[in-house]
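J.:
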Amino acid sequence: MSLEELFKKKGRKVNVNKVMDQLKTTAKTFGLAFENTTMTYNSRLAHEMGLWAQTKGCGHSFHMETFKAYFANGENIGQKDVLLRLAERAGLDYNEGKKVIETRKFSDAVDSDWKLSKAKGVAAVPSFFIGLDRLVGAKPYEILKRLIDKYNETNIKA
Numbered sequence: 001m002s003l004e005e006l007f008k009k010k011g012r013k014v015n016v017n018k019v020m021d022q023l024k025t026t027a028k029t030f031g032l033a034f035e036n037t038t039m040t041y042n043s044r045l046a047h048e049m050g051l052w053a054q055t056k057g058c059g060h061s062f063h064m065e066t067f068k069a070y071f072a073n074g075e076n077i078g079q080k081d082v083l084l085r086l087a088e089r090a091g092l093d094y095n096e097g098k099k100v101i102e103t104r105k106f107s108d109a110v111d112s113d114w115k116l117s118k119a120k121g122v123a124a125v126p127s128f129f130i131g132l133d134r135l136v137g138a139k140p141y142e143i144l145k146r147l148i149d150k151y152n153e154t155n156i157k158a
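For the sequence shown, the UniProt record's numbering assigns the number 1 to the initial residue and increments by one for each residue that follows.
This is the structure we're talking about:
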């Protein structure tokens, strides 16, 4: 499904090209490869594999491989063979990954995470909750720092 179709289906008016330009600029500041990805895929299994990777100490590596595959290479991160290849690149065992996918071992954990996200009103990533404040979406570093500084000033006593 294209990103435009997804947003339309959800009743949201989004200028996809503008969002992509902003994301590309932000990615560049962090040295990340980012192409204009116009398709979205069911990332459910990627979430499950990500939780498994975390239990193996490879969460960050798996997430970086998944990020590159989708945002830099336009790969379908909903496909099992793609996820297993990414898991191997992240240092995980192929056969164990295959078993995780087949048994859906982390399905309930993903459901729980999504339920919590919905309850907290998370509508985009990243989302930061600091005290009573919430910061949603990719924002410049300075904005996040300002929010953290505000929290520290009011909550940390010298």
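A virtual CB, placed ideally from N, CA and C, is assigned to each residue, including glycine.
Relative to the C-alpha of Lys24, which residue among Thr38, Lys13 and Arg12 is closest?
T.: For the residues Thr38, Lys13 and Arg12, the minimum Cα distance to Lys24 belongs to Thr38.
J.: Quick one: grab the DSSP three-state call for residue 159.
T.: Any question about residue 159 goes unanswered here, given that the chain covers just 1 to 158.
J.: Enumerate in chain order the residues of its own chain whose CB-to-CB distance from Leu84 is below 7 Å, with the five nearest sequence positions on each side excluded.
T.: Here the set comprises Tyr94, Gly97 and Lys98.
J.: Have a look at the DSSP bridge pairing and note the partners of Leu135.
T.: DSSP, once it has assigned bridges, lists Phe128 as partnering Leu135.
J.: At which residues does the alpha helix (DSSP H) containing Leu86 begin and terminate?
T.: Note, Leu86: alpha helix (DSSP H), Lys80 to Arg89.
J.: Restricting to Cα atoms, I'd like to know which of Glu4, Lys8 and Gly50 is closest to Val16.
T.: If we check each option's Cα against that of Val16, Glu4 comes out closest.
J.: Take Asn152 as the anchor and find which of Lys139, Leu132 and Pro140 has the nearest alpha-carbon.
T.: The option with the nearest alpha carbon to Asn152 is Leu132.
J.: Here's the rule: buried if 16 or more other CB atoms are within 10 angstroms of the residue's CB, otherwise exposed. What is Leu92?
T.: By the 10 Å Cβ count, Leu92 comes out buried.
J.: Where Asp81 and Trp114 are concerned, what is the direct C-alpha to C-alpha distance, given to the nearest angstrom?
T.: Distance between the alpha carbons of Asp81 and Trp114 is about 24 Å.
J.: Just checking my contact of Glu65 with Leu86 at CB under 8 Å: how many whole Å lie between their CB atoms?
T.: Correct: roughly 4 Å between the Cβ atoms.
J.: With 16 other CB atoms within 10 Å as the buried threshold, where does Phe71 fall?
T.: Answer is buried; the Cβ neighbour count reaches 16.
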